[in-house]
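K.L.:
Each residue of the sequence shown is one higher than the one before, counting from 1 in UniProt numbering.
One structure follows; several queries about it will come next.
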Amino acid sequence: MQVKSRHHLRSDAVSELETALEEHLGVSPEGDTYELVEFEDTDWEVVLIDGEPRVAYFDEEPFPTVRGANAYEPDKRLVTVDAGAVSFVSDGADVMRPGITDATADISAGDLVVIAEESHGKVLAVGRARVEGRDMVGDEGKVVDSLHHVGDELYEFTG
1 MQVKSRHHLR SDAVSELETA LEEHLGVSPE GDTYELVEFE DTDWEVVLID GEPRVAYFDE
61 EPFPTVRGAN AYEPDKRLVT VDAGAVSFVS DGADVMRPGI TDATADISAG DLVVIAEESH
121 GKVLAVGRAR VEGRDMVGDE GKVVDSLHHV GDELYEFTG
C-alpha cells in the first residue's frame with residue numbers, strides 16, 4: 001500500500017476519535033501521537049497511535065484494526081467464533097452462523113464488529129454485522145461481512 005499522505009491529528013480530532021471508540025466499544029486508546037495515514041490505492045485511512053496502526057476508518061467510521069482490537073480488548077460489539085471457523089475468518093471469509101458461539105447483545109445490523117476466537121479471545125477480523133447480536137448464533141446463514149482480517153494489507157502495514 002502506497003502512502004498518499006500522513007499528518008498529525010488536531011487535539012479536537014483526537015478527542016472525537018477517543019469518544020467514538022469509548023462509546024461504541026468501551027475502549028480508551030491513549031497515546032502521545034496520533035497520525036492519520038491515507039493510501040493511494042485504497043479507501044482505508046489509518047490512525048497510527050504512537051506509531052502503531054491501531055484504528056482505521058471503515059465507511060468514515062473509526063474502529064480498531066485487528067492489531068488495535070487485540071491491544072485494547074473491546075467488550076462491546078464482539079462476535080466469538082469456534083475453533084472450526086478460525087482458519088476461514090483469518091483468511092478473510094465472511095462469518096457464518098454455525099461458527100459463532102457468542103455475540104454481544106449490543107450489536108445492531110450494520111454495526112462494525114470485532115471477531116475473536118473463543119479459546120484465547122484473540123481478535124481475528126473486523127466486519128459489518130448483517131443481523132442483531134441476539135440473532136447471530138444459529139444453524140445457517142452469513143451474518144457478518146468481513147472487512148479486515150489477520151494477514152491482509154492493512155494488518156501487514158507497519159506505519
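Glycine is no exception: its CB is placed at the ideal position from the N, C-alpha and C atoms.
Bear in mind that the values here come from a model prediction, so they are computed numbers and not experimental data.
Ignore the nearest five residues each way along the sequence and tell me which others in V46's own chain have a CB closer than 6 Å to its CB.
P.N.:
Excluding sequence neighbours, V46 sits near V37, P53, A56.
K.L.:
Please give me, in chain order, every unbroken run of the beta strand (DSSP E) with length at least 3 that falls completely inside the UniProt domain "PUA" (77–151).
P.N.:
The UniProt domain "PUA" (77–151) contains these whole beta strand (DSSP E) runs: 78–81, 100–103, 112–117, 123–129, 142–149.
K.L.:
If you run the structure through DSSP and keep just helix, strand and coil, what is E18?
P.N.:
Note: E18 maps to helix in three-state DSSP.
K.L.:
Here's a check: name, in chain order, each residue in its chain whose Cβ is nearer than 8 Å to the Cβ of V81, leaving out the five neighbours to either side.
P.N.:
Around V81: V89, V95, G99, I100, T101, I115, A116, E117, E118, L124.
K.L.:
For V144 and V131, what's the separation of their Cα atoms in angstroms?
P.N.:
Going from the Cα of V144 to the Cα of V131 covers about 8 Å.
K.L.:
If we count the other Cβ atoms within 10 Å of its Cβ and call it buried at 16 or more, is V3 buried or exposed?
P.N.:
By the 10 Å Cβ count, V3 comes out exposed.
K.L.:
Mark T65 as exposed unless 16 or more other C-beta atoms lie within 10 angstroms of its C-beta, in which case mark it buried.
P.N.:
T65 is buried by the Cβ-count criterion.
K.L.:
Given H7, which residues of its chain have a CB within under 8 Å of its CB, disregarding the five upstream and five downstream residues?
P.N.:
Closer than 8 Å at Cβ, skipping near neighbours: E35, L36.
K.L.:
DSSP three-state call for R10: helix, strand or coil?
P.N.:
R10 falls in the coil class under three-state DSSP.
K.L.:
What do you reckon, are the CB atoms on V27 and Y72 nearer than 8 Å?
P.N.:
Result yes, Cβ atoms of V27 and Y72 sit closer than 8 Å.
K.L.:
Who pairs with D58 in a beta bridge, going by DSSP?
P.N.:
According to the sequence provided, residue 58 is Phe. The question's Asp does not apply to it. F58 is bridged to E61.
K.L.:
Can you tell me the Cα-Cα spacing of K122 and A103, whole angstroms?
P.N.:
Cα-Cα distance, rounded: 15 Å.
K.L.:
Checking 8 Å against the spacing of the C-beta atoms, do A109 and A93 come in under that value?
P.N.:
It is not a contact, given that the beta carbons lie outside the stated cut-off.
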